[in-house]
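Engineer: Chains as they are written, first to last, in this note's numbering: chain S, 1 to 251; chain E, 1001 to 1435.
A virtual CB, placed ideally from N, CA and C, is assigned to each residue, including glycine.
Please see the structure below; I have some questions.
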Amino acid sequence: MSGGLNVTDLRVVRGPRVILRDVDLRVAPGEICALMGASGSGKSTVLRSIAALQPFDGGTIDAGGFALQPGPVPRESRLKGLRSRVGMVFQAHSLFEHLSALDNVMLAPVHALGWTRAKAREVAQALLAELGVAHRAAAFPRELSGGEAQRVAIARALAPNPMLLLMDEPTSALDPARRGALGDTLGELAKKGGRGLLISTHDVDFARNSCDRVVILSEGVLVEEGPAAEVLARPKHPATRELLQHRDAPA
Amino acid sequence: MIARGVGREPRFVQVAWASIEQSVERGDFEVGMSGLEDRPELRARHSVSIPYYEFHEVLAVRPADRGRFKRLDDLAGRRVATLGATMAYTMLVEAQGRIGVVPVSYDDDVHPYSDLVAGRVDAVLLDNIIAERSLRRMGGSGFVIQPEPAATGHYVAVFSKANAALRDSANEVLRARMRDGSLEQTFRRWGVWSDAQGQYFQRVLAAAPERAVDRAATVPGAGRATLATYLPALLRAAGITLILSCLAMALAVAVGIGVAAGRVYGHPFVRALLTVYVEVMRGTPVLLQLFVIYYGLSGVVRLPAFAAAVLGLGLNYAAYESEIYRAALLAIPRSQLEAGRTLGLSEGQILRLVRGPQALRIALAPMTNDFVALLKDSSLVSVITVVELTKQTAIYATNVGSWVLPGILCSALYLLFSLPLSRFARRLEQRWSAA
């Protein structure tokens, strides 16, 4: 199973509006790629198209070896291959409020993958420990801080062991110290498991310090890409420069 | 006739038949009349006129049963219909204890006979006047009236206790009209005169005024309207209220979940159909729905009264429940459902494991409110002959002539059901919100 992502000529149209225009995007196994751009530039649409949460109108998506075609979103029963390969962490963590942190992480392994509860518990506890929130296993989402909830949400997405992880604005609820810690954790996840990570973010410092590569979107068009250090140090496109100028603006 | 005789202008005031005695005592009007049966409790509580008409309690049965159901005692284990809070009802309750007759109480005198013809009851015990009028209305067929009376009673006019003077004047007028034949003419015009009635008039006129006034019908089971007599019946009725409400709520929850799921997940056609169901059920009175299910559909499906009551209340409340569940389902953030999808859960699993449990927590408080409302609305099913708590209380109150003790007892029983329920729901909510 490949942990890579290959998006070619991705096009999304909503009525008269073109949301994404022929976007090409690649993430190699073990690579962390930051997807950057101003609000409304189409970052979330790229992630949602890859996760088959919304339809796209042109191009192809190959996510971890699972191919998606333009047109309506297939039925969930036909997306099992995708779901086992691609995990997603949502912006507002979206933990299930009625379940404890541990149960949140165990839910998919038990019910979607059919593991025994004992095996699922063992894996979930190991993941929570790896992400530094083992002591919060019994806590409910409302009792967790923003950083803890974010980590539990990552553990939940990792439980089925996906080879590609999509993350939508993971640092928006974190203070600078925790952003750094999250970056370290993600780095380990990518390197150790050979996973590809595609992370949409406004956070220039996080992208520079924690990501291998950045892709810049502006009004639905991919305008610049390259190694994070290089693109963010010497931006070529005006949209990238503007992004860097507003680096302190809230996400 | 009485008003003219005492030099007053008559004015008609309509109240429910079972409330005539209470209304006259509280001063809503001065004379209450409409086939009021002479009985000792009535005389103890109100001023009562001389009996002006003698009637018989008669059994009506289907023609095929003419030979086997001749007397009340032939009807052991059978369903026998009558009007609630009447002498006939008291006789049936007595026969229930004695030989296992099943009394079926109605609020009107039309449906007992139509249900007899339809086979829902095996006999009707009511005043001969009512039986004969119903037979005429049905063109003289459908049922037969057994010739042997089950009991004899008398109709009287009722006045408030304090209004004995008006009662005495009315008695004078009644005697004078019996004597001069104008009361006979009126009864003949109404088609309720017989030679026996003439002999009865003679007996009334020959009797000393006091004796005539003091005489009241004595029928089996009459005159025992004490708390001890009614408590078992009240508790049984309370049990019926509770069981009926629980079953109706279970049906409402099950159908409500189905309707809500259909409206959230269903095909547009299914959604439209369910919307029509919800709007019709919420937009029309539950009383009307009960009538339609019990009487209206009786040509197609003849439901027992209890089943019709569960179905009527259950389907009505299902519409309200479904709206609660639908709102609760829609209150779960879309991102949680998407998170479920990206984790590989099927739509069914997301509903069962993610959306449903959280929606249930939101729906719990309004559901509890609905169950308490249903407990109280269950009193409506008395219109389709189910004797539940409120109906039994009304019978009790009519017979003891006061709503004070029956009202307190009835309220206490309702509170006994609803308070622990509200407490339980509050505790559950607290536990979930702490979780």
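Please determine, among E:G1097, E:A1327, E:W1432 and E:S1169, the residue with the shortest C-alpha to C-alpha distance to E:G1007.
Structural biologist: E:S1169
Engineer: Is the separation between the beta-carbon of S:L25 and that of S:V89 shorter than 9 Å?
Structural biologist: no
Engineer: What does E:A1339 touch in chain S if you count any residue whose Cβ is under 7 Å from its own?
Structural biologist: F90 and S94
Engineer: Please return the same chain residues whose Cβ sits closer than 8 Å to the Cβ of E:E1172, not counting the five positions on each side in sequence.
Structural biologist: G1005
Engineer: Are the C-beta of E:G1221 and some C-beta of chain S separated by less than 9 Å?
Structural biologist: Reliability of the predicted coordinates at E:G1221 is poor, the pLDDT of 46 falling under 50, and the value obtained from them is presented with this limitation in mind. Not closer than 9 Å to any Cβ of chain S, the Cβ of E:G1221 fails to qualify, so no.
Engineer: Quick check for students: name the residue ranges of the beta strand (DSSP E) that lie wholly in the stretch 68 to 152 of chain S, counting only runs of 3 or more.
Structural biologist: 86 to 89
Engineer: Is the beta carbon of E:E1021 closer than 9 Å to that of E:G1032?
Structural biologist: yes
Engineer: Considering only residues of the stretch 1095 to 1126 of chain E, which uninterrupted alpha helix (DSSP H) runs meet the minimum length of 4 residues and lie entirely inside it, listed in chain order?
Structural biologist: Taking only runs of at least 4 residues, the alpha helix (DSSP H) segments lying wholly in the stretch 1095 to 1126 of chain E are 1111 to 1118.
Engineer: Label S:K43 either buried or exposed according to how many other C-beta atoms from any shown protein chain fall within 10 Å of its C-beta, with 16 as the threshold for buried.
Structural biologist: buried
Engineer: With 16 as the cutoff for other CB atoms within 10 Å, does E:S1194 come out buried or exposed?
Structural biologist: Taking a 10 Å sphere around the C-beta of E:S1194, we find fewer than 16 other C-beta atoms and assign the residue as exposed.
Engineer: Which value, in whole angstroms, describes the spacing of the CA atoms of S:L113 and E:I1293?
Structural biologist: Between the alpha carbons of S:L113 and E:I1293 lies a gap of roughly 48 Å.
Engineer: Would you verify that the beta carbon of S:P160 is, or is not, closer than 9 Å to some beta carbon of chain E?
Structural biologist: It does; some Cβ of chain E falls within 9 Å.
Engineer: For the beta strand (DSSP E) that contains S:M36, what are its first and last residues?
Structural biologist: Per DSSP, the unbroken beta strand (DSSP E) holding S:M36 starts and ends at I32 to M36.
Engineer: Spell out a yes or no on whether the stretch 1313 to 1327 of chain E and the stretch 52 to 72 of chain S are touching, meaning 3 or more CB-CB pairs, one atom from each, closer than 8 Å.
Structural biologist: The answer is no - the stretch 52 to 72 of chain S does not touch the stretch 1313 to 1327 of chain E, with fewer than three Cβ pairs under 8 Å.
Engineer: Rounded C-beta distance between E:A1123 and E:V1058? I'm assuming under 8 Å.
Structural biologist: At roughly 10 Å, the Cβ-Cβ gap does not stay under 8 Å, so E:A1123 and E:V1058 are not in contact.
Engineer: Let me know the beta strand (DSSP E) ranges lying completely inside the stretch 1137 to 1162 of chain E, each 3 residues or longer, listed in chain order.
Structural biologist: 1151 to 1159
Engineer: Is S:A153 a contact residue of the ligand GDP, with contact defined as CB to any heavy atom under 8 Å?
Structural biologist: Ligands displayed in this structure: none; no statement on the ligand GDP is therefore possible.
Engineer: Assuming E:V1310 contacts E:L1251 under a Cβ cut-off of 8 Å, what Cβ separation, rounded to an integer in Å, is found between them?
Structural biologist: 6 Å
Engineer: When the Cβ atoms of the stretch 1154 to 1168 of chain E are set against those of the stretch 1013 to 1028 of chain E, are three or more pairs found closer than 8 Å?
Structural biologist: Short answer: they touch.
Engineer: Can you check whether the C-beta of E:G1344 is within less than 9 Å of a C-beta belonging to chain S?
Structural biologist: Residue contact with chain S for E:G1344: present (Cβ-Cβ distance below 9 Å to some residue of chain S).
Engineer: Taking the alpha carbon of E:G1084 as the point to measure from, which residue in E:P1112, E:S1134, E:V1264 and E:R1045 has its own alpha carbon closest?
Structural biologist: E:P1112
Engineer: Can the beta-carbon of E:A1305 be found less than 9 Å from the beta-carbon of E:A1018?
Structural biologist: no
Engineer: For my contact list, S:A52 and S:V73 are in at a C-beta cut-off of 8 Å; report their separation, rounded to the angstrom.
Structural biologist: 5 Å
Engineer: Which residues bound the beta strand (DSSP E) around S:E242?
Structural biologist: Segment P238 to Q245 is the alpha helix (DSSP H) holding S:E242; no beta strand (DSSP E) there.
Engineer: Report, in whole angstroms, the separation of the C-beta atoms of S:L95 and S:A155, which I expect to be a contact under 8 Å.
Structural biologist: The Cβ separation is near 10 Å, so there is no contact.
Engineer: Pull up the DSSP beta-bridge partners for S:T254, would you.
Structural biologist: The structure shown does not extend to residue 254 of chain S, since chain S is modelled only from 1 to 251, so the question has no answer here.
Engineer: Please classify E:S1134 as buried or exposed, where buried requires at least 16 neighbouring CB atoms within 10 angstroms.
Structural biologist: buried
Engineer: Would you verify that the beta carbon of E:Q1336 is, or is not, closer than 9 Å to some beta carbon of chain S?
Structural biologist: When Cβ-Cβ separations below 9 Å define contact, E:Q1336 makes contact with chain S.
Engineer: May I ask which residues mark the beginning and end of the alpha helix (DSSP H) holding E:P1040?
Structural biologist: P1040 to R1045
Engineer: As a quick exercise: from S:V215, S:V221, S:T185 and S:G220, pick the residue whose alpha carbon is nearest that of S:A229.
Structural biologist: S:V215
Engineer: Count the other CB atoms within 10 Å of the CB of S:H202; is the residue buried (16 or more) or exposed (fewer)?
Structural biologist: buried
Engineer: Note down the Cα distance separating E:A1397 from E:W1403, rounded to an integer number of angstroms.
Structural biologist: 5 Å
Engineer: Identify each residue in the stretch 44 to 66 of chain S for which the Cβ-Cβ distance to at least one residue of chain E is less than 7 Å, and report them in chain order.
Structural biologist: From the stretch 44 to 66 of chain S, only A51 and L53 have a Cβ closer than 7 Å to chain E.
Engineer: Determine the burial state of S:I50: buried for a count of at least 16 other Cβ atoms within 10 Å of its Cβ, exposed for fewer.
Structural biologist: buried
Engineer: Any Cβ of chain S within less than 9 Å of the Cβ of E:G1077?
Structural biologist: no
Engineer: Ignore the nearest five residues each way along the sequence and tell me which others in S:G196's own chain have a CB closer than 6 Å to its CB.
Structural biologist: G3, G4, L5, V27, P29, E31 and L164
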